[in-house]
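In my numbering, the protein residues as written are 10 to 140. Heads up: the structure comes next, in structure tokens.
Pasting the structure below:
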């Protein structure tokens, strides 16, 4: 069970603000990915394709950190730390919703045979100005 997110963190997650997801590589070093982000309750959601580096890292070690910067005031930010679970994004419904929210259109097609996933992060700690 994670922590409850405050109103400002929810505002950042619900808006069109870019996030940076950090995972842990096999050698212990960091790997980061700029991502679109969504929210369901107090969980943070991302989209990826199975087999990408972030997916492989999270299968091996589900700990993650995400930093969201306010697009209008980059000094207003939050870093959220937690652990993830993953599930298939059937019909790409979540991914398509993110694309409409951020880009105003359907996403480009995935490669044939790709499996689209929803990464769901339960937040254990929040730091930063917005926390």
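Where is the CB? At the ideal position from N, CA and C, for every residue including glycine. All of these numbers come straight from a predicted model, not from anything done at the bench.
Proximity to residue 31 across 10, 91, 12 and 111 peaks at 91, based on C-alpha coordinates. Residue 33 and residue 40 have their C-alpha atoms spaced approximately 6 Å apart. Under the DSSP assignment, residue 74 falls in the beta strand (DSSP E) whose first and last residues are 72 to 78. Distance check between residue 85 and each of 105, 28 and 51 places 28 closest, using alpha-carbon atoms only.
Here residue 109 carries a helix assignment [DSSP, helix/strand/coil]. In this structure, DSSP gives residue 126 an extended state, which the three-state scheme calls strand.
When the Cα atoms are used, residue 82 and residue 44 turn out to be separated by approximately 18 Å. Excluding five sequence positions before and after residue 123, the CB atoms of its chain that fall closer than 6 Å to its own CB belong to 58, given in chain order.
Counting the other Cβ atoms within 10 Å of the Cβ of residue 98 gives 16 or more, which makes it buried. Of the candidates 36, 25, 10 and 94, the residue whose Cα lies closest to the Cα of residue 79 is 25.
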